[in-house]
Amino acid sequence: MNEKPYLQFRKDGTFRVLHITDLQESIYPRKDTIRLLCALLNNTRPDLVIMTGDQLKGYSPWFRLAGKSGVQNTIKMLTDPMERRRIPYAVTFGNHDIQCGISNEEQAELYRQQPYGVCPEEGAAAGTFDLTVHRHDGSEALRLYLIDSGNITAHGQYAPPSDEVLDWLRGRLAGEKLPSMLFQHIPLPEYRKCRHVIVNEPVCVPERNAGEFDILRANGRVMAVFCGHDHKNDFVGRVDGIDLGYTPSCGFACYGPGVNRGGRLLTFHENNPGAYETELFRYCDIVAEHTDNRLKEYWDTHIPTCWPGRDEYMSEEKLRNE
Numbered sequence: 007m008n009e010k011p012y013l014q015f016r017k018d019g020t021f022r023v024l025h026i027t028d029l030q031e032s033i034y035p036r037k038d039t040i041r042l043l044c045a046l047l048n049n050t051r052p053d054l055v056i057m058t059g060d061q062l063k064g065y066s067p068w069f070r071l072a073g074k075s076g077v078q079n080t081i082k083m084l085t086d087p088m089e090r091r092r093i094p095y096a097v098t099f100g101n102h103d104i105q106c107g108i109s110n111e112e113q114a115e116l117y118r119q120q121p122y123g124v125c126p127e128e129g130a131a132a133g134t135f136d137l138t139v140h141r142h143d144g145s146e147a148l149r150l151y152l153i154d155s156g157n158i159t160a161h162g163q164y165a166p167p168s169d170e171v172l173d174w175l176r177g178r179l180a181g182e183k184l185p186s187m188l189f190q191h192i193p194l195p196e197y198r199k200c201r202h203v204i205v206n207e208p209v210c211v212p213e214r215n216a217g218e219f220d221i222l223r224a225n226g227r228v229m230a231v232f233c234g235h236d237h238k239n240d241f242v243g244r245v246d247g248i249d250l251g252y253t254p255s256c257g258f259a260c261y262g263p264g265v266n267r268g269g270r271l272l273t274f275h276e277n278n279p280g281a282y283e284t285e286l287f288r289y290c291d292i293v294a295e296h297t298d299n300r301l302k303e304y305w306d307t308h309i310p311t312c313w314p315g316r317d318e319y320m321s322e323e324k325l326r327n328e
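Numbering (my numbering), first residue to last: 7 to 328.
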C-alpha cells in the first residue's frame, strides 16, 4: 500500500487496534507463531494491526544465505494472515530487523508492496509516521504515531531514537490538538518509574535519556505509549498522566513468556476518543493449553529472566543522571 489507509470508526462507534510485537521469525516461521497470529485476528477483529518491530530474527544465518528474497518471503508469510483478511497493518522497526542484511528502508518498501501493508515514506526514518482515525462525519478524531525507536550502538548498548526522529515527533506534536497514542519498539527510560506493576524481566531501555518523554508530556494529549522489546513484560503503568504499556512477544522462534505470548487489543470510542480500553489475548486462551514444542515451552516458563513479581524501577536520582 503506497498511501495511508482511510481509517474510520465503525457504525457502533468503536475503532479496534491490535498491537503485536516481536514476532522475531526467520525464513521458516514457527507454526505456533502463525497459529497465534490467526487466532488473534479472529478473536479481536481489528480495524488496524500495529506491528512494533523485530518482525524478523535478523541475526539468523538463514537470512545471510537467502538474501533479500528470503527477507521478502518471510515478510509475506508473516503478513499473509492480515492480507487474507484484508486488514491494514502499520509497521515500524526494532533492533533486530536491520540485522537481516537489508536496510529498514528496503524492508519498508517490501511492506509497501503488499496490498494492506502500511509503512509510508514520511518521517525522518523508515517506520516513522502517523495515522488518523476519522469520525463518521469525516472530521479527525484520533492520531496514532509510530516511530523508529533506535538500534544498537557501536559498543552494544541500545540507542535512543535519533535526533531526526525526535525532531519530527516534536514538530508533529507541537500543534497537535487530537488525543493521540504512540507505538514504538524499545521502551522509554521512564518505564522504570512505573510503580506497582509486575515486572517479568528487567526493563531494557536506551543507554541515555534523549528527552522523548518530555516531548510527549509537553503536548498534554498523548494518552499512552505501547512497546515491545522485553518479551515477557506485559504491564501497563502510568507516569505523569501518560500510560506506559507493554505487549508480550507474539513469536515462538525466540525467548518469551511460554503460552502467555499474545497480542493487545486497544478499543477507542468515537464519542470519547481521548480514552481507551485494553485487553490481552494470550496463546493459552485462544489457541491451546500447550504448544507443539513442550521442551521450549518448559524452558520459557521455568527459566526466569528476572525475579517474578518484583516491582522493579530505577531510582529518581539514577533516572536524572541517564
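Yeah, the Cβ is synthetic: ideal placement off N, Cα and C, and Gly gets one too.
{"Query": "7 Å Cβ cutoff met for residue 50 and residue 24", "Result": "yes"}
{"Query": "Through-space distance from residue 30 to residue 260, alpha-carbon basis", "Result": "7 Å"}
{"Query": "Closest Cα partner of residue 233 within the set 20, 60, 44", "Result": "60"}
{"Query": "Cutoff 7 Å: residue 213 Cβ touching any chain B Cβ", "Result": "Within the model displayed, chain B is absent; a lone protein chain is all it includes."}
{"Query": "The alpha helix (DSSP H) enclosing residue 188, as first and last residue numbers", "Result": "Element bounds for residue 188: not the alpha helix (DSSP H) but the beta strand (DSSP E), 186-189."}
{"Query": "Residues bridged to residue 98 [DSSP beta-bridge criterion]", "Result": "58"}
{"Query": "Option nearest residue 139 by Cα separation, candidates 309, 289, 22", "Result": "22"}
{"Query": "Among 299, 267, 127, nearest to residue 287 - alpha-carbon criterion", "Result": "267"}
{"Query": "Residue 200 - DSSP class collapsed to helix/strand/coil", "Result": "coil"}
{"Query": "Inter-stretch contact (C-beta, 8 Å, three-pair minimum) for the region 107-115 and the region 137-153", "Result": "no"}
{"Query": "Option nearest residue 48 by Cα separation, candidates 303, 304, 297, 293", "Result": "293"}
{"Query": "Beta-carbon separation (whole angstroms), residue 171 vs residue 158, contact threshold 8 Å", "Result": "With 8 Å as the limit, residue 171 and residue 158 do not qualify as a contact, their Cβ atoms being about 16 Å apart."}
{"Query": "Endpoints, the beta strand (DSSP E) within which residue 138 is located", "Result": "135-140"}
{"Query": "Cβ pair count under 8 Å reaching 3, the region 173-188 against the region 201-216", "Result": "no"}
{"Query": "Between the CA atoms of residue 196 and residue 309 - distance to the nearest angstrom", "Result": "27 Å"}
{"Query": "Straight-line Cα distance separating residue 238 from residue 200", "Result": "16 Å"}
{"Query": "Contact under 7 Å by Cβ, residue 83 with residue 35", "Result": "yes"}
{"Query": "Residue 38: first and last residue of the uninterrupted alpha helix (DSSP H) it sits in", "Result": "37-50"}
{"Query": "Beta carbon of residue 212 nearer than 7 Å to that of residue 263", "Result": "no"}
{"Query": "Between the CA atoms of residue 26 and residue 163 - distance to the nearest angstrom", "Result": "24 Å"}
{"Query": "Neighbour-count burial assignment, residue 307, 16 or more Cβ in a 10 Å radius", "Result": "exposed"}
{"Query": "Sheet register partners of residue 14 (DSSP bridge)", "Result": "140"}
{"Query": "Bounding residues of the alpha helix (DSSP H) (the contiguous stretch that carries residue 85)", "Result": "67-91"}
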